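A.B. asks: Please see the structure below; I have some questions.
Number of protein chains: 4
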Amino acid sequence: MLTNRHIVIMGGDARQIEVINRLTSLDAHLSLVGFDQLDRNFNGASKLNMDEINAKEVDSIILPVSGTDHEGNVETTFSNKTVKLSKEWLAETPEHCTVYSGISTPYLNTISEDTQREVVKLFARDDVAIYNSIPTVEGTLMMVIQNTDITIHQANVIVLGLGRTGMSIARVFHALGANVKVGSRNPEQIARAVEMGVKAFYLKELEKEVEDNEICINTIPALVLTSKVLSKMPASSFIIDIASLPGGTDFRYAKKRGIKAMITPGLPGMVAPKTAGRIIANVLAELLLQKFAEEDES
Amino acid sequence: MLTNRHIVIMGGDARQIEVINRLTSLDAHLSLVGFDQLDRNFNGASKLNMDEINAKEVDSIILPVSGTDHEGNVETTFSNKTVKLSKEWLAETPEHCTVYSGISTPYLNTISEDTQREVVKLFARDDVAIYNSIPTVEGTLMMVIQNTDITIHQANVIVLGLGRTGMSIARVFHALGANVKVGSRNPEQIARAVEMGVKAFYLKELEKEVEDNEICINTIPALVLTSKVLSKMPASSFIIDIASLPGGTDFRYAKKRGIKAMITPGLPGMVAPKTAGRIIANVLAELLLQKFAEEDES
Amino acid sequence: MLTNRHIVIMGGDARQIEVINRLTSLDAHLSLVGFDQLDRNFNGASKLNMDEINAKEVDSIILPVSGTDHEGNVETTFSNKTVKLSKEWLAETPEHCTVYSGISTPYLNTISEDTQREVVKLFARDDVAIYNSIPTVEGTLMMVIQNTDITIHQANVIVLGLGRTGMSIARVFHALGANVKVGSRNPEQIARAVEMGVKAFYLKELEKEVEDNEICINTIPALVLTSKVLSKMPASSFIIDIASLPGGTDFRYAKKRGIKAMITPGLPGMVAPKTAGRIIANVLAELLLQKFAEEDES
Amino acid sequence: MLTNRHIVIMGGDARQIEVINRLTSLDAHLSLVGFDQLDRNFNGASKLNMDEINAKEVDSIILPVSGTDHEGNVETTFSNKTVKLSKEWLAETPEHCTVYSGISTPYLNTISEDTQREVVKLFARDDVAIYNSIPTVEGTLMMVIQNTDITIHQANVIVLGLGRTGMSIARVFHALGANVKVGSRNPEQIARAVEMGVKAFYLKELEKEVEDNEICINTIPALVLTSKVLSKMPASSFIIDIASLPGGTDFRYAKKRGIKAMITPGLPGMVAPKTAGRIIANVLAELLLQKFAEEDES
Ligand SMILES: NC(=O)c1ccc[n+]([C@@H]2O[C@H](COP(=O)([O-])OP(=O)(O)OC[C@H]3O[C@@H](n4cnc5c(N)ncnc54)[C@H](OP(=O)(O)O)[C@@H]3O)[C@@H](O)[C@H]2O)c1
Ligand SMILES: NC(=O)c1ccc[n+]([C@@H]2O[C@H](COP(=O)([O-])OP(=O)(O)OC[C@H]3O[C@@H](n4cnc5c(N)ncnc54)[C@H](OP(=O)(O)O)[C@@H]3O)[C@@H](O)[C@H]2O)c1
Ligand SMILES: NC(=O)c1ccc[n+]([C@@H]2O[C@H](COP(=O)([O-])OP(=O)(O)OC[C@H]3O[C@@H](n4cnc5c(N)ncnc54)[C@H](OP(=O)(O)O)[C@@H]3O)[C@@H](O)[C@H]2O)c1
Ligand SMILES: NC(=O)c1ccc[n+]([C@@H]2O[C@H](COP(=O)([O-])OP(=O)(O)OC[C@H]3O[C@@H](n4cnc5c(N)ncnc54)[C@H](OP(=O)(O)O)[C@@H]3O)[C@@H](O)[C@H]2O)c1
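Protein sequences appear in the order of chains A, B, C and D. All residue numbers for the first sequence refer to the working numbering, where the first residue is 10 and numbers rise by one. All residue numbers for the second sequence refer to the working numbering, where the first residue is 10 and numbers rise by one. All residue numbers for the third sequence refer to the working numbering, where the first residue is 10 and numbers rise by one. All residue numbers for the fourth sequence refer to the working numbering, where the first residue is 10 and numbers rise by one.
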């Protein structure tokens, strides 16, 4: 249990509601900043402003998935007020106070170093990336179904990258009956693709492999769908690029060639906010329980 | 090949374009009625009005998936003109002239009987129903992803009916990682569900089985989701009813109880018109080739 | 419950032990004939000879899967004595007394007609055939793994027939990563194979389709793997014929051509006697409960 | 191509025949040592003794999967003669001469260091381990089917470890309809198991999780199935331990408790020697082509 642990939740979207639910069920003492427009109350949680919270009594701080901007402000779906994590405020927290963020940002890195407070990046964890791949797959499915006039079943589908997300995508598109071909630079991933029952090729062959492509799903955060590659792809193809911005596609050239190409960040929060929230809530609960158990021991 | 066979295609939507493509590639002689607004021409096919066609020289007539209305008019996505298959006109065709329609309608039954011309209902065929189940599944997937805030993965999903469409739905939702439970009245379907690796129950247990339901997909064309059943289902459930109109759900009661319930006819044409068209084109091609081969023999 | 119902179990193998377990757990009164060498006792069940049982008091008779031979004798794995169901004895049972057998035999048909007692053939039921397809698949897997020097994964596998057993076989071999091709005469089965994600062809193309075959699994109880077909198949192929005797393979010719071909009856009892027994026990329990419930009502 | 490359193949079993086939098809010049009893000849390959080969002209040496014993002798399925790779002989090869072995052995490590010749361990490569997991899975399937009286379908199956082999095992047993539960110490593997649609638990919960186990497959090369764990497992369970010797099971205790437990090394060569050979041949061909291409460039 998290009894008597004081945790500040600063901003965020619908996903944080699952976090709040989970932590209150573990009996934590929560301060919610940036939730004034949320039409709901939670046992053991108070809606406050930053200046109403005594930093000295804070055990953990939970930021939104996106962390902060370069001035320390966080996204607040449920508030119009500015919510900021300042270096000064953080410096006043106890030494053991940890900050949890989805991703790291330059601002967070700086204040973390300056104040010697630990910042945990949840989305850098392999397990979180894999759990998140599940709603990401479903978002990809939806986008593909919406944006093509053929079925995924029996379509020629290329999946670029067989990392944590690519593996889930390849598995599901194969299960749906697509002719899946995985492109990777990595012999281990080539082997795994073969084991999973799909075709595989080395990325250096990409130009040749796209010739009969109908649907291409990119997960590689590097420019792989170059103009040279795109020039070999049928103009009727559909490209969905889920790699982090700016993606791995030469979108300007795709447009010129008449290929429909989309970059789709944030699929989990978009198609399954509740599940996406639970993923964060589960990992946070596990990490917090573990951390405080260790502290109690030492 | 269909060389020298005169086939009239009367109305329809984008799916008929696949039919036209396919039949022209088999060298048929096509008359297209109700395509005046279609911005495309086809080798061996002329856009005409009914009165420009000599019924005596027609070997086959292809109607839209929906057949005709009660006056004999057909849907025409690519025309504003009325296109009608009259009994008189049909009676003038050669005896061997066959009418192909997606479904049967009272009007078609009547003129078929009166003129002694065969009407083939493509969608009554098992193979067509199974092929059509593929885009239907993908449409269902899309609707479910759009209308829930959780993932299909690990959701509690009930599929009602394990017929031609239900089996495809159950297979795909299981592959996506849902906790699928199939409800059926038929011991054979119960056994097949078990073999496929999903749970199964007899419909008479439905009331009890819906208690922890999150997503319910109905394929049974009979009132199964009665108010009594719905009263046991969590209000946060999502129901998608794909059974033919009026579906198998007490929609009035669902609304009252706050359960989101949708009936979704025409999924294949909606999410994958090209594939849906090809399904029709493939079966039509096979049937026509077979028919004329038999005629030539006799 | 089956309280006070007197059921005679005549002969059979390890599978009947599951039946005995199940029926005693339903409180039936059992007489076991042909189990003298079985080193185990059951509550509510007595080991007897036929002449120790009063036919007039028997509600149901359960025969082995194989029924009787042409003289009425049944297989008895757990006894050396002859156990026979005679017409005379059966005639003395009450009119409602039903005989349950795996399959029908000429002898059973005759005495059933003569005595007007119903004989239920469990293995003719669709649900039983589907449940039995599960251990059949696993037996087939084992035979194939043992008898080839390649993996099923990426092997060219032909499955003949997509009936109750063929569908389960095709599903599993596909899931294992084989290149599965289904041969059938039935357009509905062709469509289902395509939906399942495997290739499909009409049986009339069989000769052409076997040319690169590595593993062929036949489920069709008719001569389909003729010498003409086999002459086109690589000599290194492995054929497993699970269709009921005499199978669908020209074994003489296969041998001549050097193709390893096996007929494998009775796979479920061989590889999973316990599961095979439970399948029978479940259906028997369901049928008996239903029957006596109906009798009680009328 | 490998034209004019002189490669010595020293000993090995049926798998080396696939290697020989592959390398001769790439036009390599092969010397086969330890194949005198093999009833077959290959174009471009001569059967020789070590002393007939001029070490100075050797570009690569291929050892069996098992490498050498502590004196440098290799396994020779196709010869009764002793075949030894001596330090002296190896020292005479050109500097670029590389030794390919399945695994490393103390003797190989020593002579590799002393002579400064590279030894490549094929089975330490991730891709090889994954390709090998495919026949390993099929061997595991066969052993489980042979050694249990229930079907894998609906059996309670625990898979310990979700590494390169465990993932393939979990995938296939899940596809066969088993109730698969994966045990791991690694949060990433727990997440992947969940994504794949199976249950997952942390190894520290193992004792509790085995209580209803029917089949347990261990891939962890560390003692995990301790006497304490085994004491909680039903005595009717079947354990197959595929981890490298001595496995991860307390076999002595398992026997005492009456649990059937087997350790099964070498499954790929046992159930699919041809595929196992091709896996080695493919990787060897890729490595050799790459190596000589690099040499030519420099
Ligand atoms: N749109 C969304 O909603 C959404 C959701 C989830 C993830 N994402 C994004 O999707 C991307 C993939 O995520 P992930 O979790 O799957 O990451 P990951 O596990 O790191 O996988 C990345 C894949 O890309 C390959 N790769 C990386 N750099 C490469 C390069 N320069 N050339 C060739 N291949 C390269 C990797 O292969 P190697 O192993 O050889 O490096 C691997 O196959 C990330 O950018 C992530 O932010 C977006
Ligand atoms: N929305 C769309 O886009 C779309 C697409 C495809 C199909 N559909 C519609 O979906 C429905 C199912 O199509 P299908 O091809 O799967 O049909 P199907 O093969 O006939 O299957 C119907 C299923 O419903 C069961 N059923 C029928 N009447 C029943 C009753 N009175 N009580 C209990 N169970 C009953 C059947 O079981 P038994 O075997 O016991 O009868 C079977 O499981 C049809 O209405 C069809 O028009 C809609
Ligand atoms: N060896 C074992 O342990 C074992 C276990 C289970 C079953 N079996 C045997 O396996 C066979 C198949 O069983 P099942 O339950 O799958 O039967 P099923 O459902 O009747 O399927 C039979 C299949 O064969 C096709 N077929 C039948 N006669 C044909 C013919 N003359 N030409 C072409 N195709 C034909 C059927 O297609 P249509 O629909 O077009 O007729 C169907 O695809 C039976 O003989 C059964 O006794 C053996
Ligand atoms: N019998 C055969 O024919 C055959 C065939 C193939 C492989 N094998 C053997 O099978 C074993 C697995 O091979 P692999 O390729 O799958 O290896 P792998 O990829 O290294 O996987 C090993 C698994 O064991 C876990 N593990 C290792 N040490 C552990 C420990 N001390 N405590 C808990 N978990 C531990 C690993 O988890 P972490 O990631 O947390 O370390 C991983 O899940 C090896 O011993 C291999 O030699 C045998």
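All C-beta atoms in this analysis are idealised placements derived from N, C-alpha and C, irrespective of residue type, glycine included. Quick caveat, the model's predicted, so the values are computed rather than measured.
1) Helix or strand or just coil, what does DSSP make of C/M271?
2) Nearest by alpha-carbon distance to B/N141: which of B/T102, B/M279 and B/V129 is it?
3) Just confirm the distance between the C-beta atoms of C/L32 and C/L298, as a whole number of angstroms; I'd bet it's less than 8 Å.
4) List, in chain order, every chain B residue whose beta-carbon is nearer than 7 Å to that of C/R201.
5) Using a 10 Å radius around the Cβ and a threshold of 16 neighbouring Cβ atoms, would you call A/K265 buried or exposed?
6) Hey, does C/V280 have any beta-carbon neighbour from chain D nearer than 8 Å?
7) Looking at B/I18: is its Cβ nearer than 8 Å to the Cβ of B/L41?
8) Would you check if the distance between the CB atom of B/F210 and the CB atom of B/K190 is smaller than 8 Å?
9) Just to confirm, are A/A244 and A/I229 a CB contact at a threshold of 8 Å?
10) Count the other C-beta atoms from every protein chain shown that fall within 10 angstroms of the C-beta of D/D305, then say buried if there are 16 or more, exposed otherwise.
11) Give the straight-line distance between the Cα atoms of A/T85 and A/F301, rounded to the nearest whole angstrom.
12) When you compare each of A/C106, A/F44, A/T157 and A/L35 to A/D22 by their alpha carbons, which one comes out closest?
13) Could you check whether the Cβ of D/K264 sits closer than 8 Å to any Cβ belonging to chain C?
14) I need the DSSP call for C/K241, collapsed to helix, strand or coil.
15) Apart from the five residues on each side of it in sequence, which residues of its chain come closer than 7 Å, Cβ to Cβ, to B/V28?
16) Kindly indicate if chain D contains any beta-carbon less than 8 Å away from that of B/G21.
17) Going along the segment 148-171 of chain C in order, which residues come within less than 7 Å of chain D, judged by CB to CB distance?
18) How would you label B/P277, buried or exposed, when you count the other beta carbons within 10 angstroms and need 16 or more for buried?
19) Within this structure, are the beta carbons of A/I178 and A/V146 separated by less than 8 Å?
20) In chain order, what residues of the segment 52-84 of chain B put their CB closer than 7 Å to some CB of chain F?
21) Start and end of the alpha helix (DSSP H) containing A/N30?
22) Report, in whole angstroms, the separation of the C-beta atoms of D/P144 and D/T273, which I expect to be a contact under 8 Å.
23) DSSP three-state label for A/F247, please.
24) Secondary structure at B/H38, three-state DSSP: helix, strand or coil?
25) Under 8 Å by Cβ, that's how I've got B/L215 and B/G186 pegged, so tell me the actual separation to the nearest angstrom.
26) So D/L169 is in the beta strand (DSSP E); what residue range does that whole segment cover?
27) Could you confirm whether any beta carbon from chain B is found closer than 8 Å to the beta carbon of C/P196?
28) Hey, does A/D136 have any beta-carbon neighbour from chain D nearer than 8 Å?
29) At what residues does the alpha helix (DSSP H) containing D/I139 begin and finish?
30) Could you check the C-alpha separation between D/E122 and D/V67 for me, to the nearest Å?
31) With a CB to CB cut of under 7 Å and the five nearest residues on each side skipped, what residues in its chain are close to C/S327?
32) Can D/N188 and D/A164 be called in contact, C-beta distance under 8 Å?
33) Using the beta-carbon count (16 or more within 10 Å), is C/T157 buried or exposed?
34) Comparing C-alpha positions only, which one of C/Q155, C/A138, C/H105 and C/I159 sits nearest to C/S307?
35) Taking Cβ to Cβ, would you say B/P282 is nearer than 8 Å to B/R24?
36) Closest Cβ-Cβ distance between A/G43 and chain C: below 8 Å?
C.D. replies: The answer reads as follows:
1) strand
2) B/M279
3) No, C/L32 and C/L298 are not in contact; Cβ-Cβ is about 10 Å, not under 8 Å.
4) I139
5) exposed
6) yes
7) yes
8) Contact: yes.
9) no
10) The residue in question, D/D305, is exposed, as its Cβ has fewer than 16 Cβ neighbours within 10 Å.
11) 28 Å
12) A/F44
13) no
14) coil
15) I18, I71, G286, I289, A290 and L293
16) no
17) L150, M151, I154, Q155, D158, I159, T160, I161 and H162
18) buried
19) yes
20) This model lacks chain F altogether, as its protein chains are A, B, C and D.
21) A23 to S34
22) At roughly 12 Å, the Cβ-Cβ gap does not stay under 8 Å, so D/P144 and D/T273 are not in contact.
23) strand
24) DSSP places B/H38 within a strand segment (E or B) once states are collapsed to three.
25) At roughly 24 Å, the Cβ-Cβ gap does not stay under 8 Å, so B/L215 and B/G186 are not in contact.
26) N165 to L169
27) yes
28) yes
29) D135 to N156
30) 19 Å
31) Because chain C spans 10 through 307 in this model, residue 327 of chain C falls outside it and cannot be assessed.
32) yes
33) buried
34) C/H105
35) Cβ atoms of B/P282 and B/R24: closer than 8 Å.
36) no
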